[in-house]
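What follows is a single structure, written as C-alpha cells, with notes after it.
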Amino acid sequence: MKEQGSREKRIFRIVAGCILVFLLIAAVNVWRAKTRKTGSTNSEAAVPVQVFSVKTGDLDRSLEVTGDLLSLEDVFIYPKIPGKIIEKFFVEKGDYVEKGQIVASLEKAQIIAKRNRALAQVEVAKANLDVLKKDFDRIKSLYDKKAISRQKLDHISAQLSAAKAQLKEADAALKEIDVFYRDHDIRATISGIVADRYVDAGSTSSTDHPILRISNEATLKLEAAVPERDFPYVHKGMDVRFTVDACPGQVFSGRVAVVYPTIDPRTRTAKLEIHVSNPDLRLRSGMFANVKLSFGKQQALIVPIDCLSRMPGTGSYYVYVVEDGKACLKNIETGARQRGLVEVTSGLAEGDRVVIKGQMRLKDGTPVRVIEASPLETDKR
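The sequence shown finishes on residue 558 if you use the numbering used here, and the numbering steps up by one all the way, no holes.
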C-alpha cells in the first residue's frame with residue numbers, strides 16, 4: 178500500500194510538472210505574439226510625411242486693404258443775413274462752381290432803397306462841400322487883402338471842416354450799406370461740385386442752417402486702416418495704388434498724406450489718409466476702393482502655403498510640426514503671401530520642420546515617419 182501511494186504521488190508530480198511546463202511555454206508564445214503584433218501596429222501607425230524646414234527669406238511685402246474716397250474739402254454754405262427771403266438760386270445739385278461765384282441771392286428791395294438814400298446823402302454832402310470850398314477860397318482871398326475880418330475866415334473854415342466830416346460820414350454809411358448789399362448775394366467759399374441743396378427759393382434765410390453743401394472733388398482723400406503688425410512699415414509720402422469698382426481695369430495712384438499716430442484698441446488698426454489728385458473728376462467721393470500698399474523686400478519666416486490648414490469656422494491657421502517622431506499641432510499667424518509662400522508672424526521658429534505632404538492623415542500626437550525634406554529654393558521665388 179505504501180509503495181502504491183508513493184507511485185501515485187510521483188505520477189501526480191510528473192503530470193503537474195508537465196502541465197506547468199506547457200503553461201509556461203504557452204505564456205511565452207503569447208507574449209512573443211503580442212510583442213510582434215505591437216511592433217507591427219506601431220510600424221503601421223507611423224504616417225509617412227514630407228517636411229519643410231522653416232527658414233528666413235526675402236519677401237516683397239505688400240498689404241491689401243479697403244477704404245473710402247471722401248472729399249478733401251467739404252463745406253456748407255450759409256446766408257450771412259437772417260430773416261430774408263431767398264429770392265433765387267443760380268445753381269443746381271451736381272453743378273460745378275468756382276470760389277466766389279454767386280450761388281443764390283436774397284430779396285434786395287429794402288437794401289436797394291436804403292442804398293439809394295445813402296447815395297443821395299453822399300451826393301448832397303459832396304455838393305455842399307464843393308460850395309463851401311468855393312466860399313472858403315473867396316473869403317480867404319478877401320482876408321488876404323485885409324478886406325474882411327479874421328472872424329469871417331474862421332467861420333467859413335469851420336463850415337468847410339463840418340462839410341468834410343459830413344461827406345466822410347456819408348461815405349462810411351454807404352460803404353457799410355454796400356457790404357450789407359453784397360451779403361445779399363450768397364457766394365461759394367470753395368471751388369467744387371454742389372453736393373446738396375437743402376432749401377428752395379422762397380424760403381427764409383437763417384445763419385444757423387445751410388442752403389448748400391459744396392464738395393471739392395479735384396483732390397480727394399482716401400481713408401483706410403492698416404493692421405497693427407503692418408503699422409511700422411507705413412510712412413508719410415509713400416505711393417499707393419488702388420482700384421474702384423466703377424472704373425474696372427483702371428489703376429489709380431495716391432500718396433500717404435497723414436498717418437494717425439495711435440492704434441484703435443477695438444480694431445487693432447491705424448488710420449491712414451491718402452491724397453488723390455482727380456482733375457478729370459472720374460473719381461467721386463463715396464466710392465469704395467481696394468488699396469494696395471507696397472513695403473519692398475523684407476526678411477521673414479517663410480513656409481509653403483500648402484502646409485496651412487484652416488480651423489473650421491474661423492480664419493485661423495495651423496500646421497503640423499514634427500517633434501520626437503510625432504506630429505504636433507501648432508496654431509500660427511500669417512502675413513504677406515508671394516508665389517506659393519506665406520510669412521509666419523507667430524507660432525513657428527526657424528528650423529522647425531513643418532509637414533507639407535501627408536497632413537490630411539494627421540492629428541495632434543500622431544506618430545510620423547519623415548520620408549523626404551523639402552529645401553527652401555529661394556532662387557525659384
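Quick reminder that beta carbons are idealized off the backbone N, C-alpha and C, glycines included. As the structure is a computational prediction, the values presented were derived from the model and not from experiment.
Can you give me the C-alpha to C-alpha distance between residue i and residue j, rounded to a whole angstrom?
i	j	result
F429	V480	33 Å
E549	K534	10 Å
K311	A295	25 Å
S318	A324	9 Å
K261	P404	52 Å
T218	N467	Bear in mind that the predicted position of T218 carries a pLDDT of just 45, short of 50, making it unreliable; the figure below should be weighed with that in mind. Using only the alpha carbons, I get a separation of about 54 Å.
K327	I316	For clarity, residue 327 is Arg in the given sequence; the question names Lys instead. About 10 Å.
R546	N508	22 Å
A395	V417	18 Å
K329	Y320	9 Å
S462	Q476	38 Å
Which residues mark the beginning and the end of the alpha helix (DSSP H) in which residue i is found?
i	result
E353	327-359
V299	286-321
Could you pull the start and end residues of the beta strand (DSSP E) that residue i belongs to?
i	result
R418	416-421
I263	263-266
A223	It is not in any beta strand (DSSP E) - A223 carries neither H nor E in the DSSP assignment.
A434	429-436
G473	465-481
I533	530-534
Beta-carbon of residue i versus every beta-carbon of chain D: anything under 7 Å?
i	result
Y494	No chain D is present in this structure, which holds just one protein chain.
Is residue i helix, strand or coil when you go by DSSP?
i	result
A365	coil
S217	Low local confidence applies: a pLDDT of 44 at S217 is under 50, so the model's placement there is unreliable, with the coordinate-based value given in what follows. Three-state DSSP puts S217 in a helix.
D237	strand
F408	helix
D385	coil
R445	coil
I391	strand
R558	Residue confidence is low: R558 scores 39 on pLDDT, short of 50, so the model does not pin down where it sits. Its coordinate-derived value is still stated next. Here R558 sits in coil by DSSP.
D245	strand
C505	strand
I370	strand
R516	coil
R538	helix
Counting C-beta neighbours from all protein chains within 10 Å, is the total for residue i 16 or more, i.e. buried, or is it exposed?
i	result
P171	With the chain represented from 178 up to 558, any question about residue 171 goes unanswered, as that position is not in the structure.
F465	exposed
K276	exposed
I288	buried
A513	buried
V356	exposed
A423	exposed
D441	exposed
**Item:** At least three beta-carbon pairs within less than 8 Å, the stretch 283-299 to the stretch 356-365
**Value:** Short answer: they touch.
**Touching by the beta-carbon criterion (3+ pairs, under 8 Å), the stretch 515-526 and the stretch 466-485** = Touching, yes, given that three or more Cβ pairs across the two stretches are closer than 8 Å.
**Prompt:** Taking one C-beta from the stretch 338-355 and one from the stretch 238-248 each time, how about it: are there three or more such pairs within less than 8 Å?
**Reply:** No, they do not touch.
**Message:** I want to know whether the stretch 434-454 touches the stretch 392-400 - three or more CB-CB distances under 8 Å.
**Reply:** Taking 8 Å as the limit for Cβ pairs, the verdict is that the stretch 392-400 does touch the stretch 434-454.
**the stretch 300-310 / the stretch 374-381 touching (three or more Cβ pairs under 8 Å)** = No, because fewer than three Cβ pairs between the stretch 300-310 and the stretch 374-381 fall closer than 8 Å, the two stretches do not touch.
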